[in-house]
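The block underneath contains the structure these notes are about, expressed in structure tokens.
2 protein chains.
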Amino acid sequence: MNADWIDLIEKMRQGSVRALSRLVSRVENRDPGWMEAMQQIYPLSGQARLIGITGSPGAGKSTLTNGMARELVSKGFKVGIIAVDPSSPFSGGSLLGDRVRMKDLWDLDEVFIRSMATRGALGGLNQSARDVANLLDAFGKDFVLIETVGVGQDEVEVVRAADLVLVVCVPGQGDGVQALKAGIMEIADIFVVNKADREGAEELFLDIQSMLDMDSNQDKPRPPVLRTTANQNQGLPELVVSVLDLLKSSRHRQAWKKIRIREELIGLLEKQLTGWIKDQWEKDGDLEKAVRQIERRERDPYSIVRERLDHLMQNMRKDDPSGKR
Amino acid sequence: MNADWIDLIEKMRQGSVRALSRLVSRVENRDPGWMEAMQQIYPLSGQARLIGITGSPGAGKSTLTNGMARELVSKGFKVGIIAVDPSSPFSGGSLLGDRVRMKDLWDLDEVFIRSMATRGALGGLNQSARDVANLLDAFGKDFVLIETVGVGQDEVEVVRAADLVLVVCVPGQGDGVQALKAGIMEIADIFVVNKADREGAEELFLDIQSMLDMDSNQDKPRPPVLRTTANQNQGLPELVVSVLDLLKSSRHRQAWKKIRIREELIGLLEKQLTGWIKDQWEKDGDLEKAVRQIERRERDPYSIVRERLDHLMQNMRKDDPSGKR
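Chains as they are written, first to last, in this note's numbering: chain A, 91 to 415; chain B, 91 to 415.
Written out as structure tokens, the structure is:
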């Protein structure tokens, strides 16, 4: 780890937002030394609570997230926001993201906002979001709000890693009941019916309640269903109170925390290892050879991969007859 | 590979759709022996052309895909469709997928349709889609249409693997220009303005054209921009003609094919390897120990992963001082 990293970490510890910003970028880019840097930074973390906010496009998640941030700041908390924009070439999400939102919250020093595109997250989207969350945590944030659209598996994984997950529904998208069907139920700690002033809001509210009535999962408490109209600042204080309450009593999250740590470890190892494996394969020229063979249809990818795999595994096993390490 | 696999492969070779269906499921599920099975099947493939169809939700991709399938069938081709539904808990996509579409195309023996959810693709979404495409190819399909929503990085990766990529835009979503901005331009071989009878279609058409005018990428030919109204069967014959023409002359795709093979090899290896690495780590108990240490904040995940990584790599290197294999 070179002097640059040390300098940045030192400045971040002293409260420099700019240093924080640069650290986030460098860690996201996997600049050389990033792991050592995170190793230094990690012990500073451990205080922040992660709140995941997910919902379909157009559910008003950004407005809700900003509103929650304001509300938390008014209670004296420091807040970081990680907005995971769909990498969609169609939404163009993160292009505008930061700036539009900055404008909304620019006057609040206590809020740090970071947009992440889902494309090109070098460490994998999920891990990158965790790294950034760890950084914000180490910087002294009390809450990190991670907002992501509930489309695409990576995007959903991101919120699963939170201490508490809000699922935002809106009337008129016909998604209330389907959301519950398709597996979001297990990750939701709170349901938010946003745009509650719209037609159909009450129906959606009741739909969600009756789905919860039918849920037989006893591992976690029944999620409350709250109504908000985020763009009119309605229902946000109640929502934040509910969040704070649940965080106090989130016993079921203890088990979840272990799973999260496991996943983080495995994810980090895999990502690092596979980068190395690929480099090796390229370096020894076998990869190019294999590509040519497949192109000429002399061989198939499946047998080539099996061969390479056998080779790698044998090497690892040979060195370790005990199988213990 | 047991007798079951051999039996299924034999029946598939004889043209059994049912056997094909079961093979697809078993390969998707990574049933033991799947790699050996694919190794047997792969040499049968190599004829089909892959067409990727992507666009924002609501762009009418399914209708367009079905229409293209009908058109191709009428020209005497055999067609497979892989519909990658967003795993969105909110869209509930693939729940209905197969059945609704089956109804539309049930009378066409020449079309095989398979929906894949993006969640829970054991081999990774991209690889799973390739496996299924290889199976359909081996079964004798001339064309495999892969349809996916352009949200989420995995979903976009899937179409990138195709021989030809159609990007579907519709008026009124304000996404025409943004699509081009955010990186879809490199992968689009044809732009389709669908729902061309709607207001704003002409504007969208011109927007796309002017974006293409500004594109300085000389590596590939300028993508044609076509108008369709898929639900009225308008413009589909012209679209299919254009697709067939482009496939004949897709010289730039040769280079791309190599990249695709490379990616497939690396993806397969990584996925298999990481499964093994995880199993090992769990088996030797070190993973649980590490989780506990992090939970108690005695250690950080980054240093643990670096340690484990060093260990794995040393083993691999030790066995191979030459670094050649």
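Where a beta carbon is used, it is the ideal one built from N, C-alpha and C, also for glycine.
By alpha-carbon distance to ARG116/B, the top candidate from THR238/B, ASP221/B and ALA320/B is ASP221/B. Distance from the CA atom of PRO122/A to the CA atom of LYS101/A, rounded to whole angstroms, is 19 Å. A Cβ of chain A is located within less than 8 Å of the beta carbon of ASP390/B. If you draw a straight line from the Cα of LEU337/A to the Cα of GLU360/A, it comes to about 31 Å. ILE172/B carries a strand assignment under DSSP once its states are collapsed to helix, strand and coil. The region 312 to 331 of chain B and the region 155 to 168 of chain B touch, with no fewer than 3 CB-CB distances between them shorter than 8 Å.
The alpha carbon of LEU226/B has as its nearest neighbour, out of GLU388/B, SER106/B, LYS368/B and ASP390/B, the alpha carbon of SER106/B. Under the Cβ criterion of 8 Å, ALA380/A is counted among the residues facing chain B. Using a 10 angstroms sphere on the CB of ALA138/A, the tally of other CB atoms reaches 16 or more, which defines it as buried. DSSP, reduced to helix, strand and coil, places THR319/A within a strand of the structure shown.
Between the beta-carbon of VAL257/B and that of VAL282/B there is about 7 Å, and that keeps the pair under the 8 Å contact cut. Taking the CA atoms as reference points, PRO391/B sits about 29 Å from GLN217/B. For ARG139/A, the enclosing beta strand (DSSP E) stretches over residues 139 to 145. PHE229/A: member of the alpha helix (DSSP H) spanning 215 to 229, first to last residue.
DSSP places ILE236/B inside the beta strand (DSSP E), whose first and last residues are 233 to 239. Here DSSP, grouped into helix, strand and coil, assigns MET91/A to coil. Setting aside the 5 residues that flank it on each side, ILE384/B is surrounded in the same chain by ASP390, PRO391 and ILE394, each with a C-beta closer than 8 Å to its C-beta; the list follows chain order. In the displayed model, ILE277/B falls within coil according to three-state DSSP, outside both helix and strand.
Contact note: GLN362/A reaches chain B through VAL395 and LEU399, using a C-beta cutoff of 7 Å and chain order. Here ALA252/A has LEU140, ILE141, GLY142 and ILE236 as same chain residues with Cβ atoms under 8 Å from its own Cβ, once five neighbours each way along the sequence are excluded. As the crow flies, the alpha-carbon of GLN322/A is around 19 Å from that of GLY262/A. Interface flag for TRP366/B against chain A is set, since a Cβ pair is found closer than 8 Å. At a cut-off of 8 Å between C-beta atoms, ILE384/A counts as an interface residue with respect to chain B. Taking a Cβ-Cβ cut-off of 7 Å, the neighbours of ARG387/A in chain B comprise GLY136, given in sequence order.
One Cα belongs to ASP374/A, the other to ASN119/A, and the distance between them is close to 26 Å.
Interface residue (Cβ-Cβ distance to chain B less than 8 Å): ARG352/A is classified as such. GLN324/A sits in a strand when the DSSP states are folded into three classes.
Between the alpha carbons of LEU363/B and LEU377/B lies a distance of about 17 Å. Using beta-carbon distances, MET206/A does not count as an interface residue toward chain B, since no partner is under 8 Å. One Cα belongs to ASP279/B, the other to LYS151/B, and the distance between them is close to 16 Å. Taking C-beta atoms as the reference points, VAL174/B and THR238/B count as a pair closer than 8 Å. DSSP places VAL258/B outside any alpha helix (DSSP H); the residue lies instead in the beta strand (DSSP E), whose first and last residues are 254 to 259. Taking C-beta atoms as the reference points, ILE356/B and LYS368/A count as a pair closer than 8 Å. Taking a beta-carbon distance threshold of 8 Å, GLN104/A does not count as an interface residue toward chain B. CA-CA distance, PHE295/A to GLY145/B, rounds to 32 Å. As DSSP reads the structure, PHE202/A sits in a beta bridge with GLY170/A.
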